[in-house]
Ligand code: CP
Ligand code: NVA
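In the numbering used here, the protein residues as written are 1 to 315.
The following block contains the structure:
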């Protein structure tokens, strides 16, 4: 049984098939077909807010013939202190899979350890793997020849990531770039440089620590095929907002910074965006901004992931 908790939970050789399945599910949406979750209920435990992840998983599970069961963490006993271990064991008796969004990444690892059904990480403070797979798919759609290998289209491409380079999106892109054979340069204040945890994760996965970090955004953006940013104040960091707005300001993606990337470069953002903070409105509106394709593709990629993880019906 496979879980999807970090980018490297799929092996490199599994990616072309997974991405091709997402493309085929996208093309065939609305036609009768893949009901791989028929008879299944998937619980979605969310301890943080969500628009894209919640809706794309609920719709995706439904479209695959399954039943999504949304559980706000505070509505179940988990929010009153029932252990992760017991929650995993009990839910595994009822449902066929778990989708979890929470703060501490170790909680998702612990949940998976005690679960007898597949667990999908729907964002932790450390990683957001569903988003990175979708982002890679979305960029590859632009670069691959029609019907061509999407994953091969990513190889050797460069992503430049700006702002908070030590939280979930940056960490996930560091792991993702290593998996997809991409180059990554991150740029932010030194105090926000990628931390020990992501270096340890790369080592644990047997991957080279080969990302670049610079405090000079114009150095990072040079030759970039993708310019990427995320909010400066992530969920759970609201108390630090004033300080973050000041410290991260030099790393805003302005039209000038975007223009310094490779000609034809794409602008990407996981959303929600705060225009006027981490990115200028003009960049969000640029014809090479693919932010809403990214949002839509969450549905198609997550359906492919669900289909890959779903256990066969019990005999
Ligand atoms: N990008 C993303 O995960 O958005 P939500 O927080 O709305 O789910
Ligand atoms: N870094 C953001 C991502 C939201 C999808 C957060 O964790 O709030």
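C-beta: ideal position from N, C-alpha, C; glycine also.
- For residue 163, does the count of other Cβ atoms within 10 angstroms reach 16, so buried, or fall short, so exposed? buried
- Backbone secondary structure at residue 289 - three-state DSSP: strand
- Task: Taking only the alpha-carbon atoms, compute the straight-line gap between residue 36 and residue 311 and give it to the nearest angstrom.
- Result: 9 Å
- Query: Is residue 74 near ligand 2, in the sense that its beta carbon is under 7 Å from a heavy atom of that ligand?
  - Reply: no
- Considering only residues of the stretch 39 to 119, which uninterrupted beta strand (DSSP E) runs meet the minimum length of 3 residues and lie entirely inside it, listed in chain order? 41 to 46, 67 to 72 and 97 to 101
- Message: Using the Cβ count rule (16 or more neighbours within 10 Å means buried), how would you classify residue 28?
- Response: exposed
- Starting from residue 172 and walking both ways along the alpha helix (DSSP H), at which residues does that stretch end? 168 to 180
- Item | Distance, residue 267 Cα to residue 34 Cα | 32 Å
- residue 189 beta carbon less than 8 Å from that of residue 247: yes
- Task: Can you tell me which of 148, 23, 187 and 169 puts its alpha carbon nearest to the alpha carbon of residue 221?
- Result: 187
- Option nearest residue 38 by Cα separation, candidates 73, 68, 215 and 23: 68
- Task: Using beta-carbon positions only, say whether residue 209 and residue 274 come within less than 8 Å of one another.
- Result: no
- DSSP three-state call for residue 186: helix, strand or coil? strand
- With a threshold of 7 Å, establish whether the CB of residue 105 neighbours any heavy atom of ligand 2. no
- Looking only at DSSP bridge pairs, what is residue 269 linked to? 229
- Starting from residue 160, follow the alpha helix (DSSP H) in both directions and report where the run begins and ends. Note, residue 160: premise wrong, no alpha helix (DSSP H); beta strand (DSSP E) at 158 to 162.
- For residue 149, which residues of its own chain have a beta-carbon under 7 Å away from its beta-carbon, when the five flanking residues on both sides are left out? 16
- Message: Can you confirm whether the stretch 163 to 183 touches the stretch 194 to 207 when touching is taken to mean that 3 or more C-beta pairs between the two stretches lie within less than 8 Å?
- Response: yes
- Query: Whole-angstrom Cβ separation of residue 298 and residue 134, contact assumed at under 8 Å?
  - Reply: 5 Å
- Task: Could you please give the first and the last residue of the uninterrupted alpha helix (DSSP H) stretch that includes residue 4?
- Result: Unbroken run through residue 4: none, as it is neither H nor E.
- Message: Quick check: is any heavy atom of ligand 2 less than 7 Å from the C-beta of residue 172?
- Response: no
- Task: If I'm right that residue 2 touches residue 118 with Cβ under 8 Å, what's the distance once you round it to whole angstroms?
- Result: 6 Å
- Query: Ordered along the chain, which non-local residues of its own chain (more than five positions away) have a Cβ less than 7 Å from that of residue 126?
  - Reply: 105, 168, 171 and 197
- Message: Please return the same chain residues whose Cβ sits closer than 7 Å to the Cβ of residue 9, not counting the five positions on each side in sequence.
- Response: 2 and 3
- Let me know the alpha helix (DSSP H) ranges lying completely inside the stretch 200 to 250, each 4 residues or longer, listed in chain order. 217 to 221 and 241 to 247
- Message: Using DSSP's beta-bridge definition, name the partner residues of residue 121.
- Response: 100
- Message: In the DSSP assignment, the alpha helix (DSSP H) including residue 141 goes from what residue to what residue?
- Response: 129 to 143
- Item | the stretch 289 to 304 touching the stretch 41 to 58, judged by at least three CB pairs closer than 8 Å | yes
- Item | Local conformation of residue 261 per DSSP, three classes | coil
- Beta-carbon proximity of residue 265 to residue 224, cut-off 8 Å: yes
- For residue 234, is the beta carbon positioned less than 7 Å from some heavy atom of ligand 4? As for ligand 4, it is missing from this structure, which binds only ligand 1 and ligand 2.
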